[in-house]
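*Asks:* In the numbering used here, the protein residues as written are 35 to 388.
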């Protein structure tokens, strides 16, 4: 039997288990959690899901431009630290480091932060030349972060935090739990979540609902407080709070490139995700001293910040197969109903400006 299912069955003897606790067990159990496995889930054949990084370097190249703009805005400091929490295989950091040059490349230090053992091994390979040149380093998730100037960026970090679905049944709030008979919606006091939801709508309809992540404030504080000045940027699934409520956001399971709502099955063997409440994330960042907070679809962010005309001209000099790869990468990030419309980019700023 799946060892996590055995643990869960023992827990069910005590009563229904909130979905957020099941998600935490399935993803982060220190021995059997999905993100603690020795083999990575990323990629295509035989894997569970792919990310924008599997499609090509354009996300990293655009991010590199945003980081350099932040460095310029800070007055070109001699050291610019770019911290990536939930950094996975280090591919985004690799693509950024490959894209930068000149004085900014000399100032940039990339910090990979992810305790996933499979991710660490892959990152050691991807970042090898930059580690050797002291342009990149690793930081454990438990390692205290010293104050720094630079940037915090992430790709699909916040959607992996354990989240609890809530739903309005027309009279009261209910939360999704697991019982011996399977998932159920049971009446419960939403507490702070209920107050947040109520303030983000002009009226609840039956089946309106959203997710609530208890760990979000702590993570935001842990990441944002050491940043003395610079850019905060995250790419993730999600929407504004009012849209999530109308949508009735819930948990999703990714397995073998298929997605469904069977979050209680295959614990430790499938990825579990939840939409990010970008309104709440922005509010928490504002409480940490961030300003100029905004979020937009990834497709718009790429079109706004990437030098598409210059790229197009440069790609014409490439061999046809490589030119096709770059074009497909761009289309995946910008066309409707593809990654560009499913992801959003949130940016914020902290501290002084030279």
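Think of the CB as a built atom: it goes at the ideal place given N, C-alpha and C, for glycine as much as any other residue.
1) Hey, how far is the Cα of residue 73 from the Cα of residue 386?
2) Thinking C-alpha only, which one of 137, 125, 239 and 138 is nearest residue 155?
3) Just verifying my parser: in three-state terms, what is the DSSP assignment at residue 111?
4) Quick one: Cα of residue 82 to Cα of residue 287, how far?
5) Using 8 Å as the cut-off, can you tell me whether the stretch 323 to 333 makes contact with the stretch 276 to 293, which would need three or more C-beta pairs spanning the two stretches below that distance?
6) Helix, strand or coil for residue 134? Go by DSSP, reduced to three states.
7) Mark residue 168 as exposed unless 16 or more other C-beta atoms lie within 10 angstroms of its C-beta, in which case mark it buried.
8) Check whether the Cβ atoms of residue 231 and residue 272 sit closer than 7 Å, and answer yes or no.
9) Return the first residue and the last residue of the alpha helix (DSSP H) that residue 53 is part of.
10) Please report how far the alpha carbon of residue 364 lies from the alpha carbon of residue 198, in whole angstroms.
11) Going by DSSP in three states, residue 363 sits in which element: helix, strand or coil?
12) Could you spell out where the alpha helix (DSSP H) holding residue 276 opens and where it closes?
13) Once you ignore the five residues that flank residue 37 on each side, which residues in its own chain have a CB closer than 6 Å to its CB?
14) Which residue from 295, 274, 366 and 251 puts its Cα closest to that of residue 380?
15) Which one of 163, 123 and 295 has the shortest CA to CA distance from residue 87?
16) Spatial neighbours of residue 255 within its chain, please: C-beta separation below 7 Å, excluding the five flanking residues on both sides.
17) Return helix, strand or coil for residue 330, following the three-state DSSP convention.
18) List the endpoints of the continuous beta strand (DSSP E) containing residue 217.
19) Helix, strand or coil for residue 82, going by three-state DSSP, please let me know.
20) Identify every residue that forms a DSSP beta bridge with residue 266.
21) How far does the beta strand (DSSP E) with residue 234 in it reach, from first residue to last?
22) Around the Cβ of residue 43, are there at least 16 other Cβ atoms within 10 angstroms (buried) or fewer (exposed)?
23) Using the Cα positions of residue 45 and residue 69, report the straight-line distance between them to the nearest angstrom.
24) Straight-line CA distance for residue 188 to residue 376?
25) Would the beta-carbon of residue 181 fall within 7 Å of that of residue 262?
26) Report the residue from 210, 213 and 245 whose alpha carbon sits nearest the alpha carbon of residue 227.
27) To the nearest angstrom, how far is the alpha carbon of residue 264 from that of residue 258?
28) Going by DSSP, what residue range makes up the alpha helix (DSSP H) through residue 258?
29) Among 382, 186, 362 and 371, which residue has its Cα nearest to the Cα of residue 92?
30) Excluding sequence positions up to five away, which residues of its chain have a Cβ less than 7 Å from the Cβ of residue 319?
31) With three or more beta-carbon pairs closer than 8 Å as the criterion, would you say the stretch 211 to 221 touches the stretch 130 to 144?
32) Could you say which of 203, 307 and 128 lies nearest to residue 192 if we only look at CA atoms?
33) Who are residue 246's beta bridge partners in DSSP?
34) Helix, strand or coil for residue 151 per DSSP?
35) Using only alpha-carbon positions, find the residue among 269, 354 and 282 that is nearest to residue 336.
*Replies:* Walking through what the data contain:
1) 42 Å
2) 125
3) coil
4) Residue placement at residue 82 is flagged as unreliable, the pLDDT there being 49, under the threshold of 50; the coordinate-derived value follows with that caveat. Each residue's Cα considered, the two are about 10 Å apart.
5) no
6) coil
7) exposed
8) no
9) 53 to 62
10) 34 Å
11) helix
12) 275 to 281
13) 66
14) 274
15) 123
16) 322
17) strand
18) 216 to 221
19) For residue 82, the predicted structure reports a pLDDT of 49, less than 50, and the residue's modelled location is therefore unreliable. A value from the coordinates is still provided. Of the three classes helix, strand and coil, the one that applies to residue 82 here is coil, per DSSP.
20) 186 and 382
21) It is not in any beta strand (DSSP E) - residue 234 carries neither H nor E in the DSSP assignment.
22) exposed
23) 21 Å
24) 16 Å
25) yes
26) 245
27) 10 Å
28) 250 to 258
29) 362
30) 254, 258, 266, 327 and 382
31) no
32) 307
33) 198
34) helix
35) 269
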